[in-house]
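Have a look at the structure below, then the notes.
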Amino acid sequence: MMKKILYLILGLIGVLSVKAQPDCFFTHYSSEDGLSQNTVMSILQDRKGNIWLATWDGINKFNGYSFKTYKARLDNRIVLSHNRVDHMLEDKYGFLWLQTYDNHAYRFDPRTETFERAPGDDEEGGHSQYNEYQSPSGWFGMVADGD
Numbered sequence: 011m012m013k014k015i016l017y018l019i020l021g022l023i024g025v026l027s028v029k030a031q032p033d034c035f036f037t038h039y040s041s042e043d044g045l046s047q048n049t050v051m052s053i054l055q056d057r058k059g060n061i062w063l064a065t066w067d068g069i070n071k072f073n074g075y076s077f078k079t080y081k082a083r084l085d086n087r088i089v090l091s092h093n094r095v096d097h098m099l100e101d102k103y104g105f106l107w108l109q110t111y112d113n114h115a116y117r118f119d120p121r122t123e124t125f126e127r128a129p130g131d132d133e134e135g136g137h138s139q140y141n142e143y144q145s146p147s148g149w150f151g152m153v154a155d156g157d
């Protein structure tokens, strides 16, 4: 009888102390919170912990407190041909590689906050379709299919 009570107590302690999942909390952000557009096409977290969101109206950096938006406007020097960014990856050097809706590729340097068009993309008649990939070893590449 004493063994049964001991097993019951140990069983209750074991069941009460085991959790199936940790508590999770979600916060929903929208354009009302500073996001440039509510349609997000790609999300990544960089090596510094910032969250980058590629939207239909530029890219957004979220530092945990506020958003900063990068997009082409008439009054700035951003060279994006289209503000809708469909794909985004980070390479091992910390650069962000973007593909816009019109299939142009860009490299964004978060340190200088500047965009560069991918080599060959701005050549005479050189509109190309890019497909990006990243190998398991971390190597990043973009493949161009010429028109």
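When you line the sequence shown up against our numbering, it's residues 11 to 157, in that order. Heads up, the beta-carbon is just placed ideally off N, CA and C, and yes, glycines get one too.
Per DSSP, the continuous beta strand (DSSP E) segment holding Ser52 begins and ends at Val50 to Gln55. The residue among Val50, Gly74 and Met11 with its C-alpha nearest the C-alpha of Gly68 is Val50.
The continuous stretches of beta strand (DSSP E) do not include Gln47, and DSSP gives it neither H nor E.
Within the same chain, Leu54, Asp56 and Leu106 come within 7 Å of Glu100 by CB-CB distance, once the 5 residues on both sides are set aside. When DSSP assignments are scanned along the region 48-129, the uninterrupted stretches of beta strand (DSSP E) that are 3 or more residues long and fall wholly within it turn out to be 50-55, 61-65, 68-72, 77-80, 95-100, 106-110, 115-119 and 124-127.
Straight-line measurement puts the Cα of Asn70 at about 5 Å from the Cα of Lys78.
If you draw a 10 Å sphere on the C-beta of Val95, you find 16 or more other C-beta atoms in it, and that means buried. Look at Tyr17 here: in three-state DSSP terms it is helix.
The Cβ atoms of Lys81 and Asn93 sit closer than 8 Å to each other.
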